[in-house]
Structures are given as structure tokens and as C-alpha cells.
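Engineer:
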Amino acid sequence: MPSQIRRRRAAGWAPPSGAATGTAWALDGLSSARIHGPRWPEEGTPATMPRTSQFLSLAAAAFALGAFPLTERASAQEAPPTSVIVVDGSGSMWGNLGAEKRSKLDLVRDALQSLLPSLKSEARIGLASFGHRRRGNCGDAEVIVPPGDNGPERLSVPVERLNAVGKGPLVLALRESATAIAGATPSSVILIADDIDNCGQNVCTALNDIMAASPNLVVHTIALGFDKAKIAHISCIARMTGGKLWDAQDAAGLNSALAQAVSIANLQTGAHEAPAPQAAAPAEKPAEGAPPGLYLSAGLGASSATLDTPIHWRITKASDGAVIRDTRASALYEKLEPGRYDIEASLGLATARQSTDVPADKATDVRMDLNGGVLKMQARATNGGALLASPEFAVRTAAAEAGAAPVWVGRDGNPEIVLPAGDYVVSARNGMARQESKITIAPATGTSFDSVLAAGTLELRALRGTPAAPGDQVAEGVTFILYRDDPDAPQGRREIARSAAPNPSFTLPAGTYYITARTPTSEVREQIAMGAGDTVTRALPFSMAHIRLAATLGGQPTTAEHPVIFRVVRLGAEPHEVLRTTKKDPEIDLSAGRYRLEAALGTGNLLAATEINLAAGQAQKVTLPLEGGSVTLKRAGTSGISNGTYWEIRDEKQRVVLRSSQAQPTAILSPGRYIVTAESSGEPVRNTIEIKANEHRTFDFATP
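Quick note: the sequence shown, position 322, residue 322 per the numbering used here, numbers continuous.
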């Protein structure tokens, strides 16, 4: 954004003193934001020469869905835009973006190739990269394709050959790109990167020098998979240059951000400009004797000033719907064949439609009433606090049913949009903090939604040790769960969020919260109080102990022939199983506390168990001895070949411990008395056997 426009922004959106949420004020008559009338094209000049107003051009620039880029304020006589697209070529670009299965570099190449056909051939576009040629070299930055016209043709092959190899000298790439477009106006850089500069250069400091040499340079940044801290660091680029910053966490976010960036930089092909009229026209409205044709202008209200900001015009023939003109301009002149035409004018979400007859012998003046106003939104964590950088704003019509999609959603820090007159519900959200209000948009007014979310930030991590001896961070396998009091929920608490990130950060409304940090084998709980504007950092100590389990069978180590199932149960008010595994000699980290340790032999009833108390930092090996007896069952006269016998063994409590259709099944069972049943085609055989520890017995059941 050029410096003169940035200065207009500071003055142009100053509401009257004391304006609060829902405050509205008329747009006409504001000395710092006056809306000017149209200027009809003079002879020999293009027909669409928008002269952007200080007020609504800002709303247009901020409007994200169906937006009209601020750069479209330029007249056809201005120089074509100059831009360099800078792509991160550091080795980390071969990594994945979020859950995407393809590398970040592949996603960027595809996104650029998809956009190339839509770029203006007259725009002067270049391509740069860094870290793309040599490993470990902080001087590896290059303008691969200098800015020039015919970008779609010149950039296709270089984009396909983009590579990722080494370090990340991001600042050097910005310097080289700024030098390549020095002196051009308008000029911009579109930076696509997955990390901050890792060559010891501070981009915020470097921008002071870059902007001193190129004060009109705008830098748009697409951050690929950045964490919160790095987003905050790199946000100075947008702040210092008047550009935009997008936080892209997946392929859809990357594609959307890149499309918006090239649109805002005015690099994409737009609608054709209207042809120049054959004769001069007055400055305010077509005077008597003006050339025949259709003269269009628009206002936000029936009696408001005529707009001097780009309007989206669409002219079609009433008879067959054929499109005559689809373009953006403040005031539009169109020389038309006599007939009836349908006219549509749009600014933001406000639209007006009208049909008119255009005669052959005189000028037809049509002023469209958009019947809309401007809504400015901003959000703070606390009263008097700084504006939040990227809250989520949503606008819904007041009459919409519950769950209906909003008419507008955006994440700019201070968006301004144009809406049709009516009642709306506007909400601001930052993390889990949310506020909404009902507002009314009246024609030709500005309305503000100033939200105070009364929120704080909670930052968490988990440690292996105790509060007195914290130890190392547990960086993997931890799930953080947040609860709030809720009388209607089970146990009076309701889960509101969870995260498996190593260092999760939550934006929360002020209040009391309960935190649980959990691994498959450990758990720690804590209660915190969050105040508006607070940043609460908690390191949750798991107080871990290390334990190694083993089992013996008859005094000997177990083998693969006799697999053992280990089970760990945490004892207390609510005993629960924390681990079950068949791994031989498993090693486990457990929170300090009391546990029951079990080892079971296969699916039988042979079990060994013990209870232990574990203290933080303790390392212990526990061997569980399995003492059982081996039994083999057979029928008299059989040779071990299946003879259609079905065996069942029950213990003294009538619990089944073995079922088998083998001719001579063998099992290892806990010492005790058992009832054995053998069923075949004849009468079943039933008998009682007794098994002692560390003995092997064969029971021969005679056929009745």
C-alpha cells in the first residue's frame, strides 16, 4: 500500500468522539472522509478513471470476500504494476504442510502454475528464491527471472524448476527483490516462506533500510505452517510496508492466500476497460448536448453524495441477457445501440438493479442507489488494549435461522465492508473468546463494531519431573484437555478444548479452568484462573517414575512360545487401566502413585500380580513370577488325531478356562481343582482334576 494511501487510512476512518459498538454516523460531510462526485471522461481519455475516495476505498481494500482490490483505483494511464514473487527454497520446504501428503514446495509450484494464466501480460512480474542452489550457504538468494512483461509465458518453466536445498536467507532475498524493482510504482513483493530467516538477520530491522530506499514498496507475506511466535515475528513485514499477512496451514489456505495476494497486487487480468467516448463530457454529469450513450454513477443512499470509488458494473441487454459490459469504475460511460438494458451495480455486498431505455439521440443519465452503509469492525482483548491482529469476524443477517451461514467472514485486524441496509448480528472470535452484537446498517452511514473479548492466553507444556526438579520437557505423546464448570455436564465439568501440540496456546474468556495433561501411562491435573488480558504460562509436572516389567514361568524367563500379557492399573478413588501390552520386558514411564501390576499367560487363568507405590524420579524393575502346572488331556484309545471330541475346563467357580477341539489339548493353568468335560458323539465324560505348581500331568479319560 503506497505511503500516501496509508496516511489517508489513518485519517479516513476516524469515527466521532465516543463512538462505540454499533455507533453509526453519516458519511456525507466528514471533512476527513468526503465522498466526491464522479468525473466524466474527457475527450481522448479512457472512459473509466476512478478517483478513489478516502473513505470507501479503505472499505474496498479490506473487503475479503468478493473484494475489489485497492490497486484498482489506478487509472489506465498509470504504469503497469511491478512485482517479484519470492519462494522459499530452504530444505524444510520438502516437509509437509499440516496434514497434506505432498511437500510444501510441490503445493507452491502447483498453486503458482494454476495462477499464471490469469496474470496480466502487461504486468512486470519476476521470480526470486533463496536457499535453492547450495547447502548451508547464507548468501544463496537470487532473482531468477527479472521483472518483465509476458509473465505467464516467462515464469512457467522457472516455477516448475523451483528447488529446495539449503539455508533460509529470507532477508537477503527481500533485499535482492527490492533492488530488482527499485523505482517502479506501483511495486510489490509476494513472499512465500515456511520459516523466518535462519541466517541471523532480523527482517524487521532490515525493512527500515529496504523501505528507506523503496518507500512505496508493498510486501505481502504468505506464511506456511508458522507457529504463533513466528507469525508474531514476521507480522512486522505487513505492518511496516502496508501489505497483507496470511497464515496458511494447509493447501486450501495457501491457494486462497496466493489468489488474494496477486489480486491485491493488481497482477491478474481484470475486465476490459470501457472505450473512450467520441466527444468531451462535463465534469459532474452529462450536460445537454453530451454524446449519446449511457452515463452511470452510484451512491450509497438516495440523497447521499455520488461515489468516487470503483463500482462493479454489469450491463446486459434486456431482450436476450447478452453481457455488454462487466467492469469496475467509479463513473461509467458506455456508447450503446438504442434499446432497453438491465444495469447492476455492486459495492461490497450492496447491490442495486435497474432497467432503462437508451435512445439513439441523447445522453441517458442513471444514478444507482446502492442502499447500503459501511461497517468497520475491530476487536481487543481488554478495554484500552491493542487491536487483535487476526480475530475472526462474522456477519449474519438478523433474520437468519440458527446455524445459517454468515454473509461475510474475515480475519483482518480492522476490516471495513459495505453491507445492504438492514439489521445484522456481528460477532468477533479469538480462540474460544467470542462476543456478538446486533447492529443496524442505514443507507449512507458508517457503523462501528468495537468488541472487547475479555480474554487471556493460556500457554502449556509438560515436564517429566516435579515442581522442585522440573526435568526435561515431554515433547511427544501428550494430550492437553481443558474443562470448565458446567452443572449440566457429567461430574459438573465440560470439555471445551484439547490439543496434542507440544506447546499449545489457547485464547480463553476470563474464568476458571481445569487442565488435564495425559500420556498413555501418565496424567497430571491443575486448576487455573484466567483474567482478561492475562497471559498464563503453565509447565505441568508429570512427576514420572520409570519401571521395567518382566515375568518368569516356573522360575525361568518366559519365551515366545508362552506370550505374556502385562497390565498396569492406577489405583485410587477411580482405578483405571493405563497400559496393556504383550511386549517382552516393557519399559514404562508412569506418574508417581500407587499401581497394580499384572502378568497373565496368554488367554488362560495363570496370573501374577503385585501392588507398588512409585515415587517421582524412581527407577525400578519388577518381575512377576507365574507359577502354574501343565496339563494334557486325552481319551483312552486315541493317538492324538482329532476324533471329534470337544473339551472344556472350568474352575471351581464354574468359570471356563479352556475350550478346545484338539484330540489332546495342553494348557498351563493356575494351581487348583478343575472340572473337565469331554463331549463327542456318545455320552459326555466329566471328571475332576487337580493341578499343582511346576508339575506336568496327563489325564486319560476312558470312553464310557
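For glycine and all other residues, C-beta sits at the position ideal for the given N, C-alpha and C. Just so it is clear, the structure is predicted and the values come from calculations on it, not from any experiment.
So, with DSSP's three-state summary, where would you put Met544?
Structural biologist: The residue you call residue 544 lines up with position 544 of the sequence shown. The answer is strand: DSSP assigns Met544 an E or B state.
Engineer: In the DSSP assignment, find the unbroken alpha helix (DSSP H) run with Ser696 in it and report its ends.
Structural biologist: As a working mapping, residue 696 is identified with position 696 in the sequence shown. Residue 696 is actually His in this sequence, not Ser. Premise fails: His696 lies in the beta strand (DSSP E), 696 to 701, not in any alpha helix (DSSP H).
Engineer: State the CB to CB distance for the pair Thr582 and Pro563, rounded to an integer number of angstroms; the pair is presumed to be in contact (CB under 8 angstroms).
Structural biologist: Counting from one through the sequence shown, the residue named residue 582 turns up at place 582. Counting from one through the sequence shown, the residue named residue 563 turns up at place 563. Yes, they are in contact, since the Cβ atoms of Thr582 and Pro563 sit about 6 angstroms apart, within 8 angstroms.
Engineer: Which residues does DSSP list as the beta-bridge partners of Lys634?
Structural biologist: The residue given as residue 634 occupies position 634 in the sequence shown. Answer by DSSP bridge pairing, in chain order: Asp700.
Engineer: Could you name the residues that DSSP lists as bridge partners for Met705?
Structural biologist: In this structure the chain extends from 1 to 704, so residue 705 is not present and cannot be described.
Engineer: Spatial neighbours of Gly136 within its chain, please: CB distance less than 8 angstroms, with the 5 preceding and 5 following residues excluded, ordered by chain position.
Structural biologist: As a first step, residue 136 is located in the sequence shown; it is residue number 136 there, counting from the start. Here the set comprises Gly166, Lys167.
Engineer: What is the residue span of the beta strand (DSSP E) that Ser346 lies within?
Structural biologist: Here the question's residue 346 lines up with position 346 in the sequence shown. 339 to 347 is the span of the beta strand (DSSP E), which, as asked, contains Ser346.
Engineer: Return the Cβ separation of Phe542 and Pro504 in integer angstroms, given the expectation that the two are a contact with Cβ distance under 8 angstroms.
Structural biologist: As a first step, residue 542 must be located in the sequence shown, where it is residue number 542. As a first step, residue 504 must be located in the sequence shown, where it is residue number 504. Not a contact, Cβ separation roughly 16 angstroms.
Engineer: If you compare alpha carbons, which of Gly91, Gly431, Leu127 is closest to Ser83?
Structural biologist: In the sequence shown, counting from the first residue as 1, residue 83 sits at position 83. Out of Gly91, Gly431, Leu127, Leu127 has the C-alpha closest to the C-alpha of Ser83.
Engineer: Asp88 and Ala193: beta carbons closer than 8 angstroms?
Structural biologist: Indexing the sequence shown from 1 puts residue 88 at position 88. Indexing the sequence shown from 1 puts residue 193 at position 193. In contact: Asp88 and Ala193 (Cβ atoms closer than 8 angstroms).
Engineer: Cα separation between Ala60 and Gly531?
Structural biologist: Position 60 of the sequence shown, counted from the first residue, corresponds to residue 60. Position 531 of the sequence shown, counted from the first residue, corresponds to residue 531. Bear in mind that the predicted position of Ala60 carries a pLDDT of just 40, short of 50, making it too unreliable to give a figure here.
Engineer: How about Leu626 and Leu553: are their beta carbons less than 8 angstroms apart?
Structural biologist: Residue mapping note: residue 626 aligns to position 626 of the sequence shown, counting from 1. Residue mapping note: residue 553 aligns to position 553 of the sequence shown, counting from 1. Yes; because the gap between Cβ atoms is below 8 angstroms, this pair is in contact.
Engineer: Tell me which residue opens and which closes the beta strand (DSSP E) that Pro420 is part of.
Structural biologist: Along the sequence shown, read from residue 1 onward, the residue named residue 420 stands at position 420. Where Pro420 is concerned, the enclosing beta strand (DSSP E) stretches over 416 to 420.
Engineer: On a CA-only basis, which of Val524, Pro443, Ala229, Val474 is nearest Ala305? Give me that one, please.
Structural biologist: For this step, residue 305 is matched to residue 305 along the sequence shown. Taking only the C-alpha atoms, the option nearest Ala305 is Pro443.
Engineer: Between Leu207 and Gly183, what straight-line distance do the alpha-carbon atoms span, to the nearest angstrom?
Structural biologist: As a first step, residue 207 is located in the sequence shown; it is residue number 207 there, counting from the start. As a first step, residue 183 is located in the sequence shown; it is residue number 183 there, counting from the start. Each residue's Cα considered, the two are about 16 angstroms apart.
Engineer: Taking a contact to mean a Cβ-Cβ separation below 8 angstroms, would you say Ser330 touches Pro359 in this structure?
Structural biologist: As a working mapping, residue 330 is identified with position 330 in the sequence shown. As a working mapping, residue 359 is identified with position 359 in the sequence shown. No, Cβ-Cβ distance for Ser330 and Pro359 is not below 8 angstroms.
Engineer: Nearest-angstrom Cα distance between Arg686 and Val657?
Structural biologist: Residue 686 sits at position 686 when you count from the first residue of the sequence shown. Residue 657 sits at position 657 when you count from the first residue of the sequence shown. If you take the alpha carbons of Arg686 and Val657, they lie about 15 angstroms apart.
Engineer: Check Asn687 in the structure and name its three-state DSSP category.
Structural biologist: By one-based count along the sequence shown, residue 687 stands at place 687. The answer is strand: DSSP assigns Asn687 an E or B state.
Engineer: Specify whether the region 140 to 154 and the region 96 to 114 touch according to this definition: at least 3 beta carbon pairs, one from each stretch, less than 8 angstroms apart.
Structural biologist: Touching, no.
Engineer: Per the DSSP calculation, Ala667 is bridged to which residue(s)?
Structural biologist: The sequence position of residue 667 within the sequence shown is 667, counting from 1. In the DSSP output, where bridge partners are listed per residue, Ala667 has Val631.
Engineer: Which residues mark the beginning and the end of the beta strand (DSSP E) in which Leu624 is found?
Structural biologist: The count along the sequence shown starts at 1 and reaches residue 624 at position 624. Note, Leu624: beta strand (DSSP E), 619 to 626.
Engineer: Tell me whether Thr45 sits in a helix, a strand or coil according to DSSP, three-state version.
Structural biologist: Position 45 of the sequence shown, counted from the start, is the residue given in the question as residue 45. Legend: pLDDT at Thr45 = 33, less than 50; position of this residue unreliable, value from coordinates given subsequently. Residue state, collapsed to three classes: coil.
Engineer: Identify whether His132 lies in helix, strand or coil by the three-state DSSP scheme.
Structural biologist: Translated into positions along the sequence shown, residue 132 becomes position 132. It is coil, neither helix nor strand.
Engineer: With which residues is Ala141 paired in a DSSP beta bridge?
Structural biologist: As a first step, residue 141 must be located in the sequence shown, where it is residue number 141. According to DSSP, Ala141 bridges with Phe130.
Engineer: Express the C-alpha separation of Leu112 and Arg154 in angstroms, rounding to a whole number.
Structural biologist: Along the sequence shown, read from residue 1 onward, the residue named residue 154 stands at position 154. Along the sequence shown, read from residue 1 onward, the residue named residue 112 stands at position 112. Cα to Cα, Arg154 sits roughly 13 angstroms from Leu112.
Engineer: Applying the criterion that 16 or more other CB atoms from any shown protein chain within 10 Å of the CB defines a buried residue, is Ser235 buried or exposed?
Structural biologist: Taking the sequence shown and counting its residues from 1, the one referred to as residue 235 is at position 235. It is buried - the Cβ of Ser235 has at least 16 other Cβ atoms within 10 Å.
Engineer: Quick check on Glu690: buried or exposed, where buried means 16 or more other Cβ atoms within 10 Å of its Cβ?
Structural biologist: As a first step, residue 690 is located in the sequence shown; it is residue number 690 there, counting from the start. So Glu690 ends up on the exposed side.
Engineer: Would you grab the beta carbon distance between Arg464 and Gly471 for me? Rounded to a whole angstrom, and I think it's under 8 angstroms.
Structural biologist: To locate residue 464, count along the sequence shown from 1; it is residue 464. To locate residue 471, count along the sequence shown from 1; it is residue 471. Rounded, the Cβ-Cβ distance is 4 angstroms, consistent with contact.
Engineer: Across which residues does DSSP place Arg220 in a beta bridge pair?
Structural biologist: The count along the sequence shown starts at 1 and reaches residue 220 at position 220. Checking the sequence shown, residue 220 turns out to be His, not Arg. DSSP lists Ile190 as partners of His220.
Engineer: What is the residue span of the alpha helix (DSSP H) that Val108 lies within?
Structural biologist: The sequence position of residue 108 within the sequence shown is 108, counting from 1. Looking at the DSSP string, the run of the alpha helix (DSSP H) that includes Val108 is 104 to 115.
Engineer: Decide if the region 509 to 522 is in contact with the region 450 to 459; the criterion is three or more beta carbon pairs, one per stretch, under 8 angstroms apart.
Structural biologist: Yes, the region 509 to 522 touches the region 450 to 459.
Engineer: Can you tell me where the beta strand (DSSP E) holding Lys230 begins and where it ends?
Structural biologist: Working through the sequence shown from its first residue, we reach residue 230 at position 230. From DSSP, Lys230 is part of no beta strand (DSSP E) but of the alpha helix (DSSP H) over 228 to 241.
Engineer: Thinking Leu349 and Pro420 are a contact (beta carbons under 8 angstroms), I'd like their distance in whole angstroms, please.
Structural biologist: For this step, residue 349 is matched to residue 349 along the sequence shown. For this step, residue 420 is matched to residue 420 along the sequence shown. That belief holds up - the Cβ atoms of Leu349 and Pro420 are roughly 6 angstroms apart, short of 8 angstroms.
Engineer: Measuring only the C-alpha atoms, how far is Thr397 from Gly446?
Structural biologist: Indexing the sequence shown from 1 puts residue 397 at position 397. Indexing the sequence shown from 1 puts residue 446 at position 446. Taking the straight line joining both Cα atoms gives about 17 angstroms.
Engineer: Label Gln662 either buried or exposed according to how many other C-beta atoms from any shown protein chain fall within 10 Å of its C-beta, with 16 as the threshold for buried.
Structural biologist: Along the sequence shown, read from residue 1 onward, the residue named residue 662 stands at position 662. So Gln662 counts as exposed.
Engineer: For Gln354 and Leu370, what's the separation of their Cα atoms in angstroms?
Structural biologist: On the sequence shown, residue 354 is found 354 positions in, with the first residue counted as 1. On the sequence shown, residue 370 is found 370 positions in, with the first residue counted as 1. If you take the alpha carbons of Gln354 and Leu370, they lie about 11 angstroms apart.
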